[in-house]
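Just below is one structure, and these are the notes that go with it.
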Amino acid sequence: MEKERRQLEQETALGILPVMPEERRYGFWDAALILSGYCIATWSYTQGAYLATLVGFRQLLVGAFAGAIFILLLYQLPVVLSARYGIDIWIWLRAVFGDRGVKGMTLLIIAVNFPWYAVCGELFASSMGNLAGMAGIPVSDAGHKLLGLLCVGGGSLIALKGLGPITWSTRLLVPALLAAGGIAAAVAVTQVPASVIWDYVPTHPRYRDPLMAYAASVEANFAFVITLVGGMAQVPRLARTERGGYLAGVVGQGISGSCFVVLGAVMAIATEYATGTMSEDPTVMMAVLQVPVLAWTSLMLVAFANVGTQAVGSYLYGVMLQSTFRRAGYGKIVAVLGFYAGALCLWGGIQEHFGAFLTLGSCVYGPLAGLLFADFFLVRNGRLAFRSAYGMKGHEAYRYTGGFQLVGCFCLAAGMAASLLVYDPVGGVIHHRFLFLLTPTGLSFLTSGLLYCFLCSLPPVRRYVRKDLEERPDPKAFDRFREPPRQNLFAMPFLWLGCWLMTRRAGLAIRKTGMKGVKPPFLVLGTHHSFTDFYVTPLALFPRRANYVSELEGFEAFGEWYYRQAGCLGTRKFVDDFALIQNIRRVMKRRGILVLYPEARYANVGTSSRLPEAVAKLVKVLKVPVVTLNMKGNYLQSPIWNTRPRREVRLEAELSLTVSGAEAQSLSAEEIWNRLSEALSYDEYRWQREKKMAVTVPWRAEGLHMPLYQCRRCGTPFQMGSRGDRLFCRHCGASWVMDEYGTLTAEGDGERMEIPDWYEWERETVIREIWEGRYGLDCAVEVEALPNAVNFISCGRGRLVHGKTGFDLTFSHYQDGKERTVHFPAISMTSIHTEYNYRGKGQCVVLSVLDDSYFLFPLEEDGFNATRIQFAVEELYERAKERR
Numbered sequence: 001m002e003k004e005r006r007q008l009e010q011e012t013a014l015g016i017l018p019v020m021p022e023e024r025r026y027g028f029w030d031a032a033l034i035l036s037g038y039c040i041a042t043w044s045y046t047q048g049a050y051l052a053t054l055v056g057f058r059q060l061l062v063g064a065f066a067g068a069i070f071i072l073l074l075y076q077l078p079v080v081l082s083a084r085y086g087i088d089i090w091i092w093l094r095a096v097f098g099d100r101g102v103k104g105m106t107l108l109i110i111a112v113n114f115p116w117y118a119v120c121g122e123l124f125a126s127s128m129g130n131l132a133g134m135a136g137i138p139v140s141d142a143g144h145k146l147l148g149l150l151c152v153g154g155g156s157l158i159a160l161k162g163l164g165p166i167t168w169s170t171r172l173l174v175p176a177l178l179a180a181g182g183i184a185a186a187v188a189v190t191q192v193p194a195s196v197i198w199d200y201v202p203t204h205p206r207y208r209d210p211l212m213a214y215a216a217s218v219e220a221n222f223a224f225v226i227t228l229v230g231g232m233a234q235v236p237r238l239a240r241t242e243r244g245g246y247l248a249g250v251v252g253q254g255i256s257g258s259c260f261v262v263l264g265a266v267m268a269i270a271t272e273y274a275t276g277t278m279s280e281d282p283t284v285m286m287a288v289l290q291v292p293v294l295a296w297t298s299l300m301l302v303a304f305a306n307v308g309t310q311a312v313g314s315y316l317y318g319v320m321l322q323s324t325f326r327r328a329g330y331g332k333i334v335a336v337l338g339f340y341a342g343a344l345c346l347w348g349g350i351q352e353h354f355g356a357f358l359t360l361g362s363c364v365y366g367p368l369a370g371l372l373f374a375d376f377f378l379v380r381n382g383r384l385a386f387r388s389a390y391g392m393k394g395h396e397a398y399r400y401t402g403g404f405q406l407v408g409c410f411c412l413a414a415g416m417a418a419s420l421l422v423y424d425p426v427g428g429v430i431h432h433r434f435l436f437l438l439t440p441t442g443l444s445f446l447t448s449g450l451l452y453c454f455l456c457s458l459p460p461v462r463r464y465v466r467k468d469l470e471e472r473p474d475p476k477a478f479d480r481f482r483e484p485p486r487q488n489l490f491a492m493p494f495l496w497l498g499c500w501l502m503t504r505r506a507g508l509a510i511r512k513t514g515m516k517g518v519k520p521p522f523l524v525l526g527t528h529h530s531f532t533d534f535y536v537t538p539l540a541l542f543p544r545r546a547n548y549v550s551e552l553e554g555f556e557a558f559g560e561w562y563y564r565q566a567g568c569l570g571t572r573k574f575v576d577d578f579a580l581i582q583n584i585r586r587v588m589k590r591r592g593i594l595v596l597y598p599e600a601r602y603a604n605v606g607t608s609s610r611l612p613e614a615v616a617k618l619v620k621v622l623k624v625p626v627v628t629l630n631m632k633g634n635y636l637q638s639p640i641w642n643t644r645p646r647r648e649v650r651l652e653a654e655l656s657l658t659v660s661g662a663e664a665q666s667l668s669a670e671e672i673w674n675r676l677s678e679a680l681s682y683d684e685y686r687w688q689r690e691k692k693m694a695v696t697v698p699w700r701a702e703g704l705h706m707p708l709y710q711c712r713r714c715g716t717p718f719q720m721g722s723r724g725d726r727l728f729c730r731h732c733g734a735s736w737v738m739d740e741y742g743t744l745t746a747e748g749d750g751e752r753m754e755i756p757d758w759y760e761w762e763r764e765t766v767i768r769e770i771w772e773g774r775y776g777l778d779c780a781v782e783v784e785a786l787p788n789a790v791n792f793i794s795c796g797r798g799r800l801v802h803g804k805t806g807f808d809l810t811f812s813h814y815q816d817g818k819e820r821t822v823h824f825p826a827i828s829m830t831s832i833h834t835e836y837n838y839r840g841k842g843q844c845v846v847l848s849v850l851d852d853s854y855f856l857f858p859l860e861e862d863g864f865n866a867t868r869i870q871f872a873v874e875e876l877y878e879r880a881k882e883r884r
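If you read the sequence shown in the working numbering, its first letter stands for residue 1, the second for the next number, and so on.
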């Protein structure tokens, strides 16, 4: 007894069974037989009789098998997780609904679905009553109810013993039931001509339209099978293989269950032929059609099949409930389930409302199956944060709003509403004929699943739902070689409208020079000031579509699917990415437009960066025209050091043909570089003064100390600060006021200073430090890796060293947890990606290799400034290039 008790506790505790491969106990056939026993209940006969009122036998035969197997092949796929890890799907559903949400979902399912087991009790009582009647013993109404309670009690007692007794009983019972069903079918065929069954069509069909009738029969098959989804994983999680666990559900429920549904239809048709009345009670069918000995045998088998089904159902739902209500005892849960089924047996009206229970259950199960499928395969890609799923201390990825994952709950409600809007399951009324062809179950499955995928693709929603990425990150590298799609044609009107709305207030003016007659393929090189660039560029190219080279962090922030629909090519900054070159050539080959922002970084102080020589070499390789887009005002409107919008700033852009196709072939790379450098040169503050465009916001200087990190008066670095319209030094007390046109005036002596001049003075200071051998960086950093478009992965504390040979980054890598040092040679980096307040985390620099980007945040502010590091990287590159 003690051994059985411990085994049962192991089977049911939190929905976990032994997960080690050598501890798995079920092969395919064992699992299939148990699940067959779950399906082969007398309600299968009732289902068959119901289908016979909808369609002819041939349609019924095809629909019963094809409908059941189709929906099972789809919704059973998530049991792969259960077979792989040995857990119940209700553990996974904590990620879909939240801890409290899954409790509510469990109770809802029990309420709408467990009445089936009261049907078992009713049919057991009916079978035993018929047997008693054959023996001449009448059974009273009270006796009928007592027999129903006996079935419920017997099944509950078997369930309390665990899967061992259930396994052995089903090994004997299921083959016997199949044999009995075969005998019953043979008897039915011999009692009536085979043509009567084969050519059967309902005399008084429920629906006059044959198409609606067939759709209703398919819906009935979907609903009949999909109501098993709540307990679909408890047996497959014990399977030795994932394939065995998956196929056991398909075969056990799809083939065995459908056989008995068809058998029920055959017997119902035969009963109608023999008596003139179609019965839904299998015990009546058998008593009417079979010879006494076979009737006794089959009635006995069917009667005790209900006890077996009650046992399997009580076990499956008991485990499901305990995986949700972890503190409740398994025995108490089975007792409560038995009490619920027993109360319904005493009520006595469960068979009358069987159809309503079936269809109402599918209203819940259809959306549930859709959510489970979408979350498992499309949103979480088969990855679950188990520590959070089990509520372990310190792991709260699935702690959502008040215990409810609002997105999943909303999508479930939307799926249920879609089903009910199309079909009234109680009255049997079709509200929308066209959508009914999808079936209410299929429609609710699609509605909840697709809506969930769409909402989870939105960045804010994705971050809310996928908090588990911090615990269980996705390390798979981004596919750099994937061919970029063209911009989605259907999305372009919305894209252009959005860009126009974002630039409308700023009065964007676009001038085009030399663009007449220029047709794709061509390359567009744009200046890079701020995120506003991405609003201006599509309007400048209107009405043409284009592809855009984008850094991978944009894919992560806004969603890979959306970025690809916008035609973006993913890459990493300041690396030699030959996959990018390959994709650019693909765009040119298909006569497209490729937009590239060669500075690869927002302007720090509104001035252009040095154009990489590689851009001119790319033009020589592509041999296509080059169009330049020099934008004005984008930086002034939202500078990188303080992105709050300055609404007084106007926007301009000039789109010009700078290098023709013929010139791309005839000019040297140096000549092309000189021409492009001139076309892409800009100084935002000089343009502001020329336009006499005042920026009067009182906080216009806040954040300016990030690029202007070194005091111009005393020369002390890292002590600058800013507030309102003032820039000041904490070391010597010097301060400057920023006027409406971006000029700095010293308080005291009135010395005037332009921001770009201060910036270049800092650059010269760093260059001098390098030449004198005084430059160096050695600091502790927080390392966050970005391997793909899905998630950042924390690598903890690291150390960053920068010197004349380049960078050395030492940290514990997320792939194996081992400490390693990655070297980034000076010659490999023309510049570096810098941020002043990246996603609210402060300054950072980014070092990249082909399949990873490392975002480095200083743990000690003293001695670290992104601008200073950028100056050093650019100078060390030039020195390394000279030495080559």
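Backbone N, C-alpha and C fix where the C-beta goes; we use that ideal spot for every residue, glycine too.
Quick one: is residue i buried, meaning 16 or more other Cβ sit within 10 Å of its Cβ, or exposed?
{"i": "residue 16", "result": "Because residue 16 sits at a pLDDT of 47, beneath the cut-off of 50, its placement in the model cannot be relied upon, and the following sentence gives the value as read from the coordinates. Buried, since its Cβ has 16 or more Cβ neighbours within 10 Å."}
{"i": "residue 640", "result": "buried"}
{"i": "residue 90", "result": "buried"}
{"i": "residue 696", "result": "exposed"}
{"i": "residue 546", "result": "buried"}
{"i": "residue 621", "result": "exposed"}
{"i": "residue 881", "result": "exposed"}
{"i": "residue 582", "result": "exposed"}
{"i": "residue 19", "result": "Because residue 19 carries a pLDDT of 45, less than 50, the predicted location of this residue cannot be relied on, and no value is offered for it."}
{"i": "residue 431", "result": "exposed"}
{"i": "residue 647", "result": "exposed"}
So what's residue i in DSSP terms, helix, strand or just coil?
{"i": "residue 881", "result": "helix"}
{"i": "residue 482", "result": "coil"}
{"i": "residue 15", "result": "Because the pLDDT of residue 15 is 47, which lies under 50, any placement of that residue in the model is unreliable, and the number read from its coordinates should be weighed accordingly. If DSSP states are grouped into helix, strand and coil, residue 15 belongs with the helices."}
{"i": "residue 872", "result": "helix"}
{"i": "residue 1", "result": "Note on residue 1: pLDDT 47, under 50, position unreliable in the model; no value is reported."}
{"i": "residue 470", "result": "helix"}
{"i": "residue 26", "result": "strand"}
{"i": "residue 656", "result": "strand"}
{"i": "residue 137", "result": "coil"}
{"i": "residue 456", "result": "helix"}
{"i": "residue 392", "result": "coil"}
{"i": "residue 368", "result": "helix"}
{"i": "residue 707", "result": "coil"}
To the nearest whole angstrom, what separates the beta carbons of residue i and residue j, a pair I think is in contact under 8 Å?
{"i": "residue 632", "j": "residue 653", "result": "7 Å"}
{"i": "residue 706", "j": "residue 836", "result": "4 Å"}
{"i": "residue 443", "j": "residue 220", "result": "Between residue 220 and residue 443 the Cβ distance is about 15 Å, and since that is not below 8 Å, they are no contact."}
{"i": "residue 47", "j": "residue 249", "result": "That belief does not hold up - the Cβ atoms of residue 47 and residue 249 are roughly 18 Å apart, past 8 Å."}
{"i": "residue 218", "j": "residue 63", "result": "5 Å"}
{"i": "residue 571", "j": "residue 587", "result": "Going by Cβ atoms, the distance from residue 571 to residue 587 rounds to 13 Å, so no, they are not a contact pair."}
{"i": "residue 254", "j": "residue 34", "result": "The pair is not a contact, with the Cβ atoms about 15 Å apart (cut-off 8 Å)."}
Is the shortest distance between the beta-carbon of residue i and the beta-carbons of chain B less than 9 Å?
{"i": "residue 404", "result": "In the displayed structure, chain B is absent; only one protein chain is listed."}
Under 8 Å, with one C-beta from each stretch per pair, do the stretch 670-682 and the stretch 717-735 reach the 3-pair mark? Contact between the stretch 670-682 and the stretch 717-735 is absent, because fewer than three Cβ pairs lie under 8 Å.
Can at least three beta-carbon pairs, one atom from the stretch 620-634 and one from the stretch 518-525, be found at a separation below 8 Å? Under the 8 Å Cβ criterion, the stretch 620-634 counts as touching the stretch 518-525, having at least three qualifying pairs.
Any contact of the stretch 434-452 with the stretch 368-388, i.e. 3+ C-beta pairs under 8 Å? Contact between the stretch 434-452 and the stretch 368-388 is present, because at least three Cβ pairs lie under 8 Å.
Three-pair Cβ contact test at 8 Å for the stretch 844-864 versus the stretch 731-751: The answer is no - the stretch 731-751 does not touch the stretch 844-864, with fewer than three Cβ pairs under 8 Å.
Cβ pair count under 8 Å reaching 3, the stretch 407-423 against the stretch 117-131: Short answer: they don't touch.
Could you tell me whether the stretch 503-510 touches the stretch 571-578, using the rule of 3 or more Cβ pairs below 8 Å? Contact between the stretch 503-510 and the stretch 571-578 is absent, because fewer than three Cβ pairs lie under 8 Å.
Could you pull out every unbroken beta strand (DSSP E) segment of at least 3 residues lying fully inside the stretch 788-859, listed in chain order? Taking only runs of at least 3 residues, the beta strand (DSSP E) segments lying wholly in the stretch 788-859 are 793-803, 806-812, 819-825, 833-835, 844-849 and 852-858.
Minimum length 4: unbroken alpha helix (DSSP H) runs contained in the stretch 654-690: Scanning the stretch 654-690 from its first residue to its last, the whole alpha helix (DSSP H) runs of 4-plus residues come out as 661-666 and 669-679.
Quick check: the stretch 197-217 against the stretch 397-410, are there 3 or more CB pairs under 8 Å? No contact exists between the stretch 197-217 and the stretch 397-410.
Are three or more beta carbon pairs between the stretch 237-253 and the stretch 454-463 nearer than 8 Å? The stretch 237-253 vs the stretch 454-463: no contact.
Is the stretch 793-801 touching the stretch 479-496 in the sense that three or more CB pairs, one from each, lie closer than 8 Å? As far as the Cβ criterion goes, the stretch 479-496 does not touch the stretch 793-801, which means the pair count is below three.
Between the stretch 105-114 and the stretch 324-344, can you find at least three pairs of beta-carbon atoms closer than 8 Å? The stretch 324-344, when compared against the stretch 105-114, does touch it at the 8 Å Cβ threshold.
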